[in-house]
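S.K.: Those letters in the sequence shown? Residues 0 to 186, per numbering that gives the first Met the number 0, in order.
Think of the CB as a built atom: it goes at the ideal place given N, C-alpha and C, for glycine as much as any other residue.
Quick one: structure below, then a few questions.
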Amino acid sequence: MTTSPLQANYPGPSHYDRMTIALHWLTAILVVGLFALAEIWSFLPRGTPTRRLLQSLHISFGLLFTAVFVLRVVWRSTGGRRLPPAATGLMGLASTGVHGLLYLLMAAQIVLGFLFRWAQGEPFAFFGLFDVPRWIAIDREQRHFIGGLHDTVAWTIIALALVHALAALVHHYALHDGVLRRMLRSR
Ligand code: HEM
Ligand code: HEM
């Protein structure tokens with residue numbers, strides 16, 4: 000295997016660990032899936048069974064995403080491998096900033112998702128297995144405001160994730176370094 004400029008500069012491990020990689024790709028699939036579900040139901044008339052089904056799937060997968068996100072943060076701050084930024088200087092700062100912002104926005108989106116459901120006052124079930132209790136009482140009047148924020152944060156996450164994914168592809172296809180490979184397979 001050829002030595003990439005990344006590996007030449009950095010003597011430590013050249014890949015993330017299996018768990019970090021699995022959690023990263025699971026997060027990516029869930030974020031895109033949750034967004035796609037919401038965009039699809041927005042084309043369906045209000046109150047139809049299909050729209051309701053997509054909404055309840057969004058809530059169940061949203062709860063799964065919450066668990067994956069918490070696990071990811073715990074793993075990152077305990078056993079998970081952390082690698083130095085792929086680039087130095089301003090580019091390194093930008094990539095660390097985007098990663099930090101993605102974590103922050105995902106955490107905010109989870110909080111908003113919970114508040115949104117409690118404000119709606121409708122069932123909050125995980126695939127019909129159990130209901131999430133209402134920890135905080137929220138005025139039903141607040142649901143439009145919270146929903147608007149949840150929607151704005153969703154679009155911001157998707158836009159940032161797109162920039163982030165494009166950067167990873169530029170690293171791979173234009174710079175030919177090992178940045179994308181760090182997140183693809185573990186050694
Ligand atoms: C919604 C989708 C995505 C989200 C929310 C997301 C989020 C993140 C976050 C927060 C990190 C920082 C990991 C850490 O240091 O703890 C990261 C790293 C990374 N992501 Fe993503 N990601 C997404 C999609 C993608 C896609 C589609 C690609 C590839 C095309 C990708 C490639 C990478 C790579 C290569 C790294 C490691 C960068 C490095 O080592 O400097 N990600 N991602
Ligand atoms: C990154 C993850 C997420 C994304 C991208 C996302 C995206 C969206 C979008 C775009 C909408 C439509 C908003 C509107 O049109 O007003 C929506 C609705 C909603 N989301 Fe999320 N969401 C995410 C996570 C969550 C989580 C974790 C929960 C809670 C467990 C949640 C609960 C809800 C609820 C209750 C609705 C309203 C459903 C209805 O109208 O009945 N979301 N979400």
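Where E140 and I109 are concerned, what is the direct C-alpha to C-alpha distance, given to the nearest angstrom?
M.R.: C-alpha separation (whole angstroms): 20 Å.
S.K.: Specify the secondary structure class of T77 as computed by DSSP and reduced to three states.
M.R.: In the structure shown, T77 sits in coil (DSSP, three-state: anything other than H, G, I, E or B).
S.K.: Could you spell out where the alpha helix (DSSP H) holding T26 opens and where it closes?
M.R.: R17 to W40 is the extent of the alpha helix (DSSP H) around T26.
S.K.: For H175, count neighbouring C-beta atoms within 10 Å of its own C-beta (all shown protein chains included) and say buried if the count is 16 or more, exposed if not.
M.R.: Exposed: under 16 other Cβ atoms inside 10 Å.
S.K.: Note down, in chain order, each residue of its chain lying with its Cβ closer than 8 Å to the Cβ of F60, except the 5 sequence neighbours on either side.
M.R.: Around F60: L29, G32, L33 and L36.
S.K.: Which residues are close to ligand 1, meaning CB closer than 6 Å to any heavy atom, in chain order?
M.R.: Listed along the chain, these residues meet the criterion: H23, T26, A27, V30, V31, R75, L82, P84, A85, S94, H98, L101, Y102, A160, H163, A164, A167, L168, V178, L179, R181 and M182.
S.K.: Quick check: what's the CA-CA separation for W134 versus A124?
M.R.: Looking at the two C-alpha atoms, the distance is approximately 14 Å.
S.K.: Looking at ligand 2, does it come within less than 8 Å of R71, judged from the CB to the closest heavy atom?
M.R.: Every heavy atom of ligand 2 is 8 Å or more from the Cβ of R71, so no.
S.K.: Round the Cβ separation of Y15 and R80 to the nearest angstrom and send it over; I've been treating them as touching at under 8 Å.
M.R.: Right, the Cβ-Cβ distance comes to about 5 Å (below 8 Å), so this counts as a contact.
S.K.: Going straight from the alpha carbon of T1 to that of F113, what length do you get?
M.R.: Its pLDDT being 37, under 50, T1 is placed unreliably in this model, and the value from its coordinates should be taken loosely. Near 47 Å, if we compare the C-alpha coordinates of F113 and T1.
S.K.: I'd like to confirm something about Q108: is its beta-carbon nearer than 8 Å to some heavy atom of ligand 2, or not?
M.R.: Under cutoff, so the answer is yes.
S.K.: Per DSSP, which one or two residues make a beta bridge with G130?
M.R.: First, the amino acid is wrong: residue 130 is Asp here, not Gly. For D130, which the question treats as bridged, DSSP gives the partners A124.
S.K.: Are three or more beta carbon pairs between the segment 88-105 and the segment 150-165 nearer than 8 Å?
M.R.: The segment 88-105 is in contact with the segment 150-165.
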